[in-house]
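Notes follow the structure.
Numbering (the working numbering), first residue to last: 1 to 226.
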C-alpha cells in the first residue's frame, strides 16, 4: 500500500502507471522547426530516490545575446533545501547533455536520431535500473512566484500545505528588473515506496540584456522527500 506522506490520500485514486513518452516523441518535436518546446519527461526513480527525466528546450532567445538554440539532456533531480534554490543549475538538476544546437548555424532537421538514441541509452544505463513509481494529478501541487521566489505548494491531508523553494532571484540586477511568468507544472510522480515526490514543470525568467528585454525558459525538477 502507498504511504500518504507527500500527497493527500484522496489523490491515490488518481494514481496511474502510464509509460513515459519515448525519446522518439522528443525527436519528432525537435525536428519540427516551427515548435519551440520546453518539456520534461519523467523516466523513473533510481535506487536512492533520485528522479530521472529527459529535458528538451528550444528557444528563440529574442532580445538575448545567444540567438536561437536547442538542448536535449538527461537529468537527475534530487532533494535540495530552500536556501540552495538560487541558481539555474540547481533548479534544472544534474544533467548530461545529449544534444546542443546553435540554430544560427545548425539545422534541426539534420539531427541524427540513431546517434541520439544510442547516447541516451548509454547515459541511462550508467544510472542503473529505474523504478517507474506512480503518476499523480498535476493539480496535487501548485507553482507560484512569491517575493522573488518561485515556490511549489503541496497539499497535505489534515495539515497546512507544505511549500518548497524552486528558484530564487533578485528583484533587479544593475538596475535591470527581473521577474518570472508562465508558471506551469507538467508532471508529478511519487516514488514506489511513497516517500518522495517529484514535480516537473517550467517557468520563464524575464530580465534585460544590454538594455533590451530578454527571457529564458526554465524547466525544473523539484524533488521532496519525507
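We put the beta carbon where it would ideally sit given N, CA and C, even for glycine.
- Put simply, the backbone Cα of residue 57 is about 23 Å away from that of residue 135.
- When 111, 106, 122 are compared, the shortest CA-CA separation from residue 96 is found for 122.
- The alpha carbon of residue 155 has as its nearest neighbour, out of 166, 141, 146, 165, the alpha carbon of 141.
- When the beta-carbon positions are compared, residue 176 and residue 146 stay at least 8 Å from each other.
- According to the DSSP secondary-structure assignment, residue 72 is paired through a beta bridge with 56, 99.
- Residue 195 and residue 162 have their C-alpha atoms roughly 15 Å apart.
- For residue 122, the enclosing alpha helix (DSSP H) begins and ends at 113-125.
- For residue 215, the enclosing beta strand (DSSP E) begins and ends at 212-225.
- The continuous alpha helix (DSSP H) containing residue 23 extends over residues 23-31.
- Ranked by Cα distance from residue 210, the first of 221, 66, 53 is 66.
- The Cβ neighbour count for residue 185, taken over all protein chains shown within 10 Å, is at least 16; the residue is labelled buried.
- Counted as a single uninterrupted DSSP element, the beta strand (DSSP E) harbouring residue 145 occupies residues 141-145.
- Restricting attention to 51, 55, 116, the CA atom closest to the CA of residue 224 is found in 51.
- By the criterion of a C-beta distance shorter than 8 Å, residue 116 is surrounded in its chain by 23, 27, 72, 98, 99, once the five residues flanking it on both sides are discounted.
- For the pair residue 166 and residue 153, the CB atoms are not nearer than the 8 Å cut-off.
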